Amino acid sequence: MSDFLKLFGENIFKEMHGFVALSIIDVKSGNIFYSKQNNTNFDIENASKFALEIVRAQLNSNDYLKQNQNIDDITITLTNQFQFLKISNNNSYIIYLVADSSKANLAFTKALLNKHMAEISNMFK
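Residues 735 to 859 in my numbering are what the sequence shown spells out, letter by letter.
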């Protein structure tokens, strides 16, 4: 599986303008299955932990409020970054992708992430 995840990360890195970092995180355990970064000033390990807390908070909110809905994704727009949290259909893992907002196109990046999410979903069934 690690070879597949490495190829997955490399493909997103090559296809996406403004790539900063990527990680794949297990929602239950918090383990990071894979991470890659293009910027040494970006702490992908800690950023992934905080991103996971955002997802967990939304999952807990949905459960508490009895909202019978799935989270498709969460997009965070910062001054210089887009941060995407893409959640698997079964809520077992997330893909956390960070892009430089001056170089990345929001719609293209989301489309690219959706395309690759379909590929990786088969690995985590």
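Heads up, the beta-carbon is just placed ideally off N, CA and C, and yes, glycines get one too. Treat the numbers as computed from the prediction; the structure is a model and nothing was measured.
Query, Result
"Is the number of C-beta pairs between the segment 839 to 848 and the segment 745 to 754 that are closer than 8 Å three or more?", "yes"
"Using only the alpha-carbon positions, how far apart do residue 824 and residue 804 sit?", "9 Å"
"Can you tell me whether residue 816 is buried or exposed, with buried defined as 16 or more other CB within 10 angstroms of its CB?", "buried"
"Over what stretch of residues does the beta strand (DSSP E) that includes residue 753 continue unbroken?", "753 to 760"
"How is the alpha helix (DSSP H) around residue 819 delimited, first residue to last?", "Looking at the DSSP string, residue 819 is not in any alpha helix (DSSP H); the run it does join, the beta strand (DSSP E), is 815 to 821."
"To the nearest angstrom, report how far apart residue 780 and residue 802 are at their CA atoms.", "30 Å"
"Under 6 Å Cβ to Cβ from residue 769, same chain only, skipping five residues before and after it: list those, please.", "757, 778"
"List the endpoints of the continuous beta strand (DSSP E) containing residue 770.", "766 to 771"
"Going by Cα to Cα distance, which pick from 839, 738, 775, 784 is closest to residue 819?", "784"
"Expressed to the nearest angstrom, what Euclidean distance is found between the alpha-carbon atoms of residue 746 and residue 822?", "17 Å"
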